[in-house]
Amino acid sequence: MNLGKYLPGTKASRFLLGLTFLVFLISMAFGIHAMHIGYRHAYGVTREIPWGVLISGYVFFVVTSTGLCIVSSIGHVFGVKSFIPIAKRAVYLSIITLLAGFMVIFFDLENPFRMLIWNLFSPNLTSNIWWMGTLYGVYLFFMSLEFFFLLVEKHRSATIAGLLGLISGVAAHSNLGAVFGMLHGREFWYGPYMPIYFIASAAASGCTAIIFFTYLGYKLMNEKMERAMEISLQAVGKVWALVLAILMFFTTWKLITAFVGGEGKILAVKELISGKYAFNFWFFEVFLGMILPFIILLVSRFQNLTHMFIASLLAFIGIYFMRVDLVVLGQVVSHYFELSITDFPTFLSYTPTIYENMIIIGAIAFTILTFLIGEGVFKGHKVEIH
Amino acid sequence: MIKRWFKEFKNLGNEEIEKIPDEERREFLKIGLIITGVFAGGSLLSVVSKVAEGLATPEELKNNYPYKPHYSMVFKIDLCIDCERCVEACNLTNQVPDYGWRTMILERYSSKAVDQKRIFLPILCNHCNHPPCVIACPTKATIKDSQTGIVKMVSYKCIGCKTCMTACPYNARYFNEERHAVDKCDFCWEKRLSKGITPTACVEACPAGVRIFGDLSDPLSEVYRLVHQLGKPVWVLKPETGAKPNVFYTIS
Chain F
51 MNLGKYLPGT
61 KASRFLLGLT
71 FLVFLISMAF
81 GIHAMHIGYR
91 HAYGVTREIP
101 WGVLISGYVF
111 FVVTSTGLCI
121 VSSIGHVFGV
131 KSFIPIAKRA
141 VYLSIITLLA
151 GFMVIFFDLE
161 NPFRMLIWNL
171 FSPNLTSNIW
181 WMGTLYGVYL
191 FFMSLEFFFL
201 LVEKHRSATI
211 AGLLGLISGV
221 AAHSNLGAVF
231 GMLHGREFWY
241 GPYMPIYFIA
251 SAAASGCTAI
261 IFFTYLGYKL
271 MNEKMERAME
281 ISLQAVGKVW
291 ALVLAILMFF
301 TTWKLITAFV
311 GGEGKILAVK
321 ELISGKYAFN
331 FWFFEVFLGM
341 ILPFIILLVS
351 RFQNLTHMFI
361 ASLLAFIGIY
371 FMRVDLVVLG
381 QVVSHYFELS
391 ITDFPTFLSY
401 TPTIYENMII
411 IGAIAFTILT
421 FLIGEGVFKG
431 HKVEIH
Chain P
34 MIKRWFKEFK
44 NLGNEEIEKI
54 PDEERREFLK
64 IGLIITGVFA
74 GGSLLSVVSK
84 VAEGLATPEE
94 LKNNYPYKPH
104 YSMVFKIDLC
114 IDCERCVEAC
124 NLTNQVPDYG
134 WRTMILERYS
144 SKAVDQKRIF
154 LPILCNHCNH
164 PPCVIACPTK
174 ATIKDSQTGI
184 VKMVSYKCIG
194 CKTCMTACPY
204 NARYFNEERH
214 AVDKCDFCWE
224 KRLSKGITPT
234 ACVEACPAGV
244 RIFGDLSDPL
254 SEVYRLVHQL
264 GKPVWVLKPE
274 TGAKPNVFYT
284 IS
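These protein sequence lines map, in sequence, to chains F and P. If you want the working numbering, it's the 1-based position in the first sequence plus 50. If you want the working numbering, it's the 1-based position in the second sequence plus 33.
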């Protein structure tokens, strides 16, 4: 059978399609097996550190989704012309990355099916998790609606759906930040920093994703990029550099202020910058996630798209570790550390198992797979500029 | 009026304890929540344990307790010998699996301490008045009972997101596979109190009289008397979280 007839693009894209499909199936098998034997046996999370890389993975994907929505809205909702060419792909990607996030959280929740019932019939309005989950549901609805309107070329309706999607997305996402920021027993997270940081971080992830996937899309489909799209990505690059600078500023002050905080916070931050997570932090989070992409962007002068693509790939890797550190570090300081307890060490440890890692890899595979399908089915997400 | 306030404000000195007007001091001491520094097993208890901050404002405390009966537990920690009969009784009564616990005894050790180097600290759910877990649960699967103040689980609503476990400052929660829900101490509500059996299993099993259970709103109860007295220090764990726990610690 000649698949090429049905699937446009290069050999590489068809290979990637097959590979990601296979990886996705394997990861599903891991997830279902974990569900079958019980997460307590399959995952590395513990009573003391109940949130592991699956929560980090969830955060990683939904941050990207919200970011894509924010970046796409610049052109689509707020009418900045140079951003319009990227909008359609960004909206599509924001839907699939949100679904990838939902896939990860599905394998994290012990009773995901109960959520569908009780989220509706027993809502707790003081719970940020409730607001986050519900608003992400609303967000998914509006983003899907926006994409539909874009497909049928109803731009006015798409703009309205896009605006509602943006509002619900930002609300959902800041609530996700507040899930951490409003746990007053966890010093590392507690405070208004988290919701604000999450939005800034989303914008950075959104720029990363749109540059990465647009460039990849054109390469894999072996198409020459139109000038309008080039200009659009260069504009995204500039916004990205700005947001990266904001993130560096945020991270710097987070660290400096932490040292005049409570002892639990100081311990967590010390563990991050000079303890077990120091390599994660300095190499992945700071160097790969922020500084190197920033330098590459400056060197590329926001012109060379290949450089910008490399920057986005590195940033993606860095951002993943950023999310891991964010989630795990909030829990590593033992609850009763100040009492010289012999039962628990001051720093608790957590190592993800192959099940947890495979589910993350599966969600990445799902994203690439559905991205490739999208490129084929929606013919490179071409946008007519009216 | 404003002028007078301003004048008073200007004349305010350093708020050292000896400068607090006698009247205010008496008012504070009347409530009985004195904070005394006690060196026990490595760190000053007073540093981590301020009952007045932890529980509620003195005014609130004096006037009314939010619940009736307002269930509470007091530990005389110097009596604890770590025999773990409380833990065994709890596990048996509440069918706690071997991978979980509802109550445990922490061991504090300091080689630098004078004389006694070791002390035991029993812990369980603090049934907070301002419980972070109840605030965080998305589906009301964990609730603060409006009558007794007990923080309970409504197991069938638990989606297993484990936010309550992350939210709890006391490490009082674990995920119970058999129940398909997070599990925690309910002061034996399900197995004993609701059937009219008192006290809790752990209190009954303790051979040393470490654990005292009762109604904090009843001036005749032992817990009331232990919490509202001047002679010995009374403290709560992690008062800085603002959870306002109902589990108190003192010495015999």
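Glycine included, each C-beta is placed from N, C-alpha and C at the ideal position. This structure is a prediction, so every number in the text was calculated from the model and none was measured.
The alpha helix (DSSP H) enclosing residue i, as first and last residue numbers
i: F/Gly-212; result: 205 to 231
i: P/Tyr-207; result: Run containing P/Tyr-207: none in the alpha helix (DSSP H); it sits in the beta strand (DSSP E), 207 to 209.
i: P/Lys-150; result: Run containing P/Lys-150: none; DSSP gives neither H nor E here.
i: F/Ala-62; result: 61 to 87
i: P/Val-184; result: Run containing P/Val-184: none in the alpha helix (DSSP H); it sits in the beta strand (DSSP E), 184 to 186.
i: P/Val-215; result: Segment 214 to 216 is the beta strand (DSSP E) holding P/Val-215; no alpha helix (DSSP H) there.
i: F/Ser-282; result: 277 to 308
i: F/Gly-256; result: 243 to 270
i: F/Tyr-142; result: 134 to 156
i: P/Glu-286; result: Nothing about residue 286 of chain P can be read from this structure; chain P reaches only from 34 to 285.
i: F/Trp-239; result: Per DSSP, F/Trp-239 belongs to no alpha helix (DSSP H) and is neither H nor E.
i: F/Gly-36; result: There is no way to answer for residue 36 of chain F, as the model of chain F reaches only from 51 to 436.
i: F/Pro-343; result: 342 to 350
i: P/Cys-161; result: Careful: P/Cys-161 lies outside any alpha helix (DSSP H) and carries neither H nor E.
i: F/Phe-334; result: That residue, F/Phe-334, is in no alpha helix (DSSP H); it is neither H nor E in DSSP.
i: P/Pro-165; result: 165 to 169
Residue-chain proximity (residue i, chain P), Cβ-Cβ < 8 Å
i: F/Val-112; result: no
i: F/Ser-172; result: yes
i: F/Thr-396; result: no
i: F/Gly-235; result: yes
i: F/Arg-97; result: yes
i: F/Glu-321; result: no
i: F/Pro-245; result: no
i: F/Leu-406; result: Going by the sequence as given, residue 406 of chain F is Glu instead of Leu. For F/Glu-406, the answer is no, since every Cβ of chain P falls outside 8 Å of its Cβ.
i: F/Asn-225; result: no
Limits of the unbroken beta strand (DSSP E) element including residue i
i: P/Arg-141; result: 137 to 142
i: F/Ala-365; result: Here F/Ala-365 belongs to no beta strand (DSSP E); instead the alpha helix (DSSP H) covers 355 to 379.
i: P/Thr-175; result: 175 to 177
i: F/Val-383; result: F/Val-383 -> no beta strand (DSSP E), and no H or E assigned at all.
8 Å Cβ cutoff, residue i in contact with chain F
i: P/Ala-169; result: yes
i: P/Ile-192; result: yes
i: P/Arg-135; result: no
i: P/Ala-234; result: no
i: P/Lys-173; result: yes
i: P/Met-198; result: yes
i: P/Leu-77; result: Residue placement at P/Leu-77 is poorly supported in this model, since its pLDDT is 30, which falls under 50; the coordinates still yield a value, given next. P/Leu-77 does not count as touching chain F.
i: P/Ser-143; result: yes
i: P/Thr-181; result: no
i: P/Ala-89; result: Here P/Ala-89 scores only 47 on pLDDT, less than 50, and its place in the model should not be relied on; the value that follows carries that caveat. Taking Cβ atoms only, chain F never reaches closer than 8 Å to P/Ala-89, which makes this a no.
i: P/Phe-208; result: yes
i: P/Tyr-213; result: The sequence given here has His at residue 213 of chain P, not Tyr. It does: the Cβ of P/His-213 has a partner Cβ on chain F nearer than 8 Å.
Identity of the residues DSSP links to residue i by a beta bridge
i: P/Met-106; result: P/Phe-246, P/Val-280
i: F/Val-95; result: In the DSSP output, where bridge partners are listed per residue, F/Val-95 has none listed.
i: P/Trp-268; result: P/Tyr-282
i: F/Ala-413; result: Paired residue(s): none; F/Ala-413 is not in a bridge.
Residue i in three-state terms, based on DSSP
i: P/Val-260; result: helix
i: F/Trp-181; result: helix
i: P/Pro-130; result: coil
i: P/Ala-241; result: coil
i: P/Asp-111; result: helix
i: F/Phe-397; result: strand
i: P/Pro-155; result: strand
i: F/Ile-391; result: strand
i: F/Glu-425; result: helix
i: F/Thr-420; result: helix
i: F/His-234; result: coil
Cβ-heavy atom distance, residue i to the ligand MN, below 7 Å
i: F/Ile-146; result: Of ligands this structure carries none, so the ligand MN is not represented either.
Short CB-CB distance (under 8 Å) between residue i and chain B
i: P/Pro-266; result: In the structure shown, chain B cannot be found, because the protein chains are F and P.
**Report entry** Segment contact flag, the region 79 to 86 of chain F with the region 380 to 397 of chain F, C-beta cutoff 8 Å, min 3 pairs
**Finding:** no
Report task. Evaluate contact between the region 191 to 202 of chain F and the region 339 to 347 of chain F, counting only Cβ atoms and requiring at least three cross-stretch pairs below 8 Å. Result -> no
Requested in this report: Please confirm if the region 352 to 365 of chain F is in contact with the region 328 to 336 of chain F, defined as three or more CB-CB distances below 8 Å between the two stretches.
Outcome: no
Requested in this report: Evaluate contact between the region 217 to 231 of chain F and the region 286 to 300 of chain F, counting only Cβ atoms and requiring at least three cross-stretch pairs below 8 Å.
Outcome: no
Requested in this report: Check whether the region 107 to 115 of chain P touches the region 244 to 262 of chain P, counting contact only when three or more Cβ pairs, one atom from each stretch, lie closer than 8 Å.
Outcome: Here the region 107 to 115 of chain P lies against the region 244 to 262 of chain P, with 3 or more beta-carbon pairs under 8 Å apart.
Query raised in the report: Are there three or more Cβ pairs, one per stretch, closer than 8 Å when the region 216 to 226 of chain P is compared with the region 176 to 196 of chain F?
Result: no
Requested in this report: Indicate whether the contact test is met: 3 or more Cβ pairs, each with one atom in the region 110 to 129 of chain P and one in the region 141 to 155 of chain P, closer than 8 Å.
Outcome: Counting C-beta pairs closer than 8 Å gives three or more between the region 110 to 129 of chain P and the region 141 to 155 of chain P, which meets the contact rule.
Query - Three or more C-beta pairs below 8 Å linking the region 252 to 266 of chain F and the region 109 to 119 of chain F - result: yes
Query raised in the report: Quick check: the region 183 to 194 of chain P against the region 160 to 174 of chain P, are there 3 or more CB pairs under 8 Å?
Result: yes
Report task. Count the CB pairs spanning the region 348 to 357 of chain F and the region 316 to 327 of chain F that are closer than 8 Å, and state whether there are at least three. Result -> They do not touch, by the three-pair rule.
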